[in-house]
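Protein chains in written order, with our numbering: chain V, 1 to 259; chain A, 1001 to 1260.
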């Protein structure tokens, strides 16, 4: 499904990120993002996955190394989903999803249909006038995803978006996310510390070492369908075993700090 | 007895008991009204002197409301300036603190020398009331969710959009809490200045009536005026509480009643 031959949408070479506190989050991080792929960054907590994602989003500048975009304009077509829903509590679901368009100067009337369509994509048509506090955790995360999708981004960056949700809700959102990815033909970078989630969702898993983060290994997941049958298949179990082993190996030098 | 009835009946009982004791102490000891009037006399004075007390109350309330309005405008305005410019914040914040910690009683006589009386009274109300608005709004503006701020940055929000769409709504709960405190303080500032002005000459507010009645040993009228001042304070607090509730009821935890 991925096209390894095509030039990457964005390439990170030898990226290093040191924070003012002295923490070295990334060092010698190499990563190439290919069009239309679903790639997971898998690694232990604090391995710099989120930092890598923030650098891709332009929210953080690398301290060293290069970030090369094939088409610099593509940087404006990014949607970002945080670990927390990160909604404005004083605004309705509609207004939260409307926000990116509002900031771009669109009038509410002109984009009403677009916002409502996006809401229906994530199954929240009936909750447009609800406030975030009236919603469950899973529904808040759907609002957050709708907000990221409303600008029709070519690239969707997700930072452990489902980590705080219960398993049943997470499975449902995983399925919905795969369906959205297929339908909208986006490129997705998904940060997670869950082996199972990364295997279920991705074409490609990039396994990262503990801090400072760098790429330890890569794993291609070649499965056409992502559904309940895949989740219970021998293939899935096999991929999970390989990914778990890769993760264990990535964490070896700092085995004492594994948590 | 349910919770709601208890919340009304318990303080009402304390009030009734206090009034009874007060009345008995005055009657049994035969205390003359120019030393301590009984509650009945205070009430009847309130009625008989209503004309003069009412116009005094209006004068004090006018100062209080104007002081509060200026405090909100000045406090919120200054907080926004502080938030936009570190230079302005570092330059002015220490002086805002000095203005706040210097007792207004000590500043009032000076203001009365340099300003027309009404302006001086208003300035006193403003001085005591603006700081809680400034401090709370500043805190609110600085407490914005970092991820939300990042999101605004990602979507290329202007400085103005960040302020108007993100920072001000996020600061609303703290700002309103500051305004609620400022309402009571504005009344205190107005009263302090009126007392100070009272000894300096013509005044018309309730506090001036208290000072004037004191000189004339008209103690029942002092009590009646004091009662009105308390009621005015309570009314201001209640009004601002309702406003806060209306503004936050849809989204903020403080205004949401949980069903258990």
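Idealized CB from N, CA, C, for every residue including glycine. Remember, it's a predicted structure, so these values are computed and weren't measured experimentally.
Residue closest to residue i, alpha-carbon to alpha-carbon, out of the options
i	options	result
residue 1217 of chain A	A:1017, A:1034, A:1018	A:1034
residue 102 of chain V	A:1070, A:1063, A:1112, A:1164	A:1164
residue 30 of chain V	V:44, V:21, V:49, V:109	V:49
residue 206 of chain V	V:18, V:15, V:38	V:38
residue 969 of chain A	A:1167, A:1097, A:1113	Since the displayed chain A opens at 1001 and closes at 1260, residue 969 of chain A lies outside it and no answer follows.
residue 196 of chain V	V:163, V:142, V:78	V:163
residue 1023 of chain A	A:1039, A:1148, A:1044	A:1039
residue 73 of chain V	V:10, V:227, V:40	V:10
residue 1144 of chain A	V:100, V:135, V:88, V:17	V:88
residue 147 of chain V	V:159, V:182, V:100	V:100
residue 1140 of chain A	A:1153, A:1149, A:1169, A:1192	A:1169
residue 1155 of chain A	V:169, V:199, V:78	V:78
residue 1111 of chain A	A:1003, A:1189, A:1013, A:1042	A:1189
residue 1148 of chain A	V:96, V:170, V:166	V:96
residue 28 of chain V	V:238, V:34, V:13, V:233	V:13
residue 139 of chain V	V:149, V:169, V:118	V:169
residue 222 of chain V	V:232, V:236, V:229, V:228	V:236
residue 1205 of chain A	A:1254, A:1061, A:1005	A:1061
residue 1120 of chain A	A:1089, A:1100, A:1063	A:1063
residue 1142 of chain A	A:1085, A:1194, A:1185, A:1106	A:1085
residue 52 of chain V	V:192, V:226, V:203	V:192
residue 142 of chain V	V:110, V:104, V:86, V:109	V:86
residue 182 of chain V	V:105, V:159, V:224, V:42	V:224
Continuous alpha helix (DSSP H) stretch holding residue i: start and end
i	result
residue 1020 of chain A	1003-1029
residue 1062 of chain A	1050-1084
residue 28 of chain V	From DSSP, residue 28 of chain V is part of no alpha helix (DSSP H) but of the beta strand (DSSP E) over 24-33.
residue 94 of chain V	93-103
residue 1250 of chain A	No alpha helix (DSSP H) contains residue 1250 of chain A, which DSSP labels as neither H nor E.
residue 121 of chain V	108-121
residue 1127 of chain A	1117-1142
residue 167 of chain V	167-184
residue 1213 of chain A	1206-1215
residue 157 of chain V	Unbroken run through residue 157 of chain V is the beta strand (DSSP E), 155-159; no alpha helix (DSSP H).
CB contact below 7 angstroms: residue i versus chain V
i	result
residue 1174 of chain A	no
residue 1159 of chain A	no
residue 1164 of chain A	no
residue 1169 of chain A	yes
residue 1251 of chain A	yes
residue 1147 of chain A	yes
residue 1049 of chain A	no
residue 1155 of chain A	yes
residue 1023 of chain A	no
Residue range of the beta strand (DSSP E) that includes residue i
i	result
residue 1158 of chain A	Where residue 1158 of chain A is concerned, there is no enclosing beta strand (DSSP E), given that its DSSP letter is neither H nor E.
residue 16 of chain V	10-18
residue 235 of chain V	Per DSSP, residue 235 of chain V belongs to no beta strand (DSSP E); it is in the alpha helix (DSSP H), 234-251.
residue 51 of chain V	Residue 51 of chain V -> not in any beta strand (DSSP E); alpha helix (DSSP H) instead, spanning 49-57.
residue 216 of chain V	215-220
residue 42 of chain V	38-42
residue 208 of chain V	204-208
residue 67 of chain V	64-69
7 angstroms Cβ cutoff, residue i in contact with chain A
i	result
residue 157 of chain V	no
residue 86 of chain V	yes
residue 89 of chain V	yes
residue 100 of chain V	yes
residue 19 of chain V	no
residue 82 of chain V	yes
residue 26 of chain V	no
residue 200 of chain V	no
residue 56 of chain V	no
residue 59 of chain V	yes
residue 103 of chain V	yes
residue 239 of chain V	no
residue 131 of chain V	yes
residue 9 of chain V	no
residue 2 of chain V	Unreliable positioning characterises residue 2 of chain V in this predicted model, as indicated by a pLDDT of 46, which lies under 50. The coordinate reading is nonetheless provided below. Answer no: the Cβ-Cβ gap between residue 2 of chain V and chain A never drops below 7 angstroms.
residue 168 of chain V	no
Neighbour flag for residue i against chain C, beta carbons, 7 angstroms
i	result
residue 124 of chain V	The structure shown contains no chain C; its protein chains are V and A.
- Task: Inspect the CB distances between the region 125-145 of chain V and the region 86-93 of chain V and report whether three or more fall short of 8 angstroms.
- Result: yes
- Three or more beta-carbon pairs under 8 angstroms between the region 208-217 of chain V and the region 61-73 of chain V, yes or no? no
- Task: Check whether the region 1123-1130 of chain A touches the region 1064-1077 of chain A, taking contact to mean three or more Cβ pairs, one atom from each stretch, closer than 8 angstroms.
- Result: yes
- Message: Tell me whether the region 154-163 of chain V and the region 179-192 of chain V touch, counting them as touching only if at least three CB pairs, one residue from each stretch, are closer than 8 angstroms.
- Response: yes
- Between the region 1214-1231 of chain A and the region 1048-1067 of chain A, do at least 3 Cβ pairs fall closer than 8 angstroms? yes
- Is the number of C-beta pairs between the region 1232-1251 of chain A and the region 1175-1183 of chain A that are closer than 8 angstroms three or more? yes
- Task: Report yes or no: do the region 232-251 of chain V and the region 1014-1029 of chain A share at least 3 C-beta pairs separated by less than 8 angstroms?
- Result: no
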